[in-house]
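Just so it is clear: in the sequence shown, position 54 is 54 by the numbering used here, and no numbers are missing. Glycine included, C-beta positions come from ideal geometry on N, C-alpha and C. Because the structure is a prediction, the values reported are computed rather than measured.
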Amino acid sequence: MSVQEAITGLVDRLYVAPVAAVLPRQTFRYIVCGAVTYGAFDPACYFLIYNYVVAHRYVSLGFVTLSPHIAALALVFPLTFLVGFWLNRHVAFRQSPLRTRTQLWRYGLSVAGSVVLTYAGMKFFVDVCGVWPTPAKVVTTLLTALYSYLAAKYFTFRHAAG
């Protein structure tokens, strides 16, 4: 049994009656992949890199100096990007007819869109509408997650069978 089959099997065991009645299997897999990537893997990597790699120090790149939290963010991003891509490709959107490099390119575009949408959403809700930052972040995250799912399903991994 491959790693992707084992992970998919584990995720599918969580796909029980109350959830199955509301969500399609592929959508459920996508949600679980996102929760693992951004709810567990990303914060764990950030903690380790911030505390032990960057070690709370400023990082000079010669042309710019990064504060410790931004340096850690920059180092974590490629890891989270690759894990998110792998999980989506092999668990949530399996059997897409698109080539891996096409999917990776499209995934990069969709992630860039998510970053822009998050930035624009926060600017709009906080600066234009006067919403407090925390509720604005919650609304922005929900909108970005919806965008991300639709981009994955209909663009990045289009025609993928669950």
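Can you tell me whether residue i is buried or exposed, with buried defined as 16 or more other CB within 10 angstroms of its CB?
i    : result
S91  : Contrary to the premise, residue 91 reads as Val rather than Ser in this sequence. The residue in question, V91, is buried, as its Cβ has 16 or more Cβ neighbours within 10 Å.
A20  : exposed
L109 : exposed
Y230 : What is shown of the chain runs 1 to 162, which leaves residue 230 out entirely.
Q103 : buried
F63  : exposed
Q95  : exposed
S148 : buried
Where residue i and residue j are concerned, what is the direct C-alpha to C-alpha distance, given to the nearest angstrom?
i    : j    : result
D127 : T65  : 27 Å
V3   : R13  : 15 Å
F124 : Y50  : 30 Å
P24  : Y30  : 10 Å
L163 : V11  : This structure does not reach residue 163, given that the chain is present from 1 up to 162, and the question cannot be answered.
A74  : G84  : 16 Å
Y58  : Y107 : 31 Å
F157 : W86  : 12 Å
F28  : L79  : 23 Å
V111 : A44  : 20 Å
L98  : H159 : 8 Å
G39  : V32  : 10 Å
I113 : A71  : The residue asked about is misnamed: residue 113 is Gly in this sequence, not Ile. In a straight line, the C-alpha of G113 is about 22 Å away from that of A71.
W132 : T140 : 12 Å
For residue i, name the three-state secondary structure that DSSP assigns.
i    : result
L23  : coil
V177 : The shown model of the chain, from 1 to 162, leaves out residue 177, and the question about it has no answer.
F157 : coil
L75  : helix
Y130 : The question names Tyr, yet the displayed sequence has Gly at residue 130. Three-state result, G130: coil.
Q4   : helix
L14  : coil
F223 : The question about residue 223 has no answer here: the residues shown for the chain are numbered 1 through 162.
Q95  : coil
What are the partner residues of residue i, as DSSP defines its beta bridges?
i   : result
V59 : L66
CB of residue i to nearest heavy atom of the ligand GDP: below 8 Å?
i   : result
L75 : Absence of the ligand GDP is noted for the structure shown, with no ligands found whatsoever.
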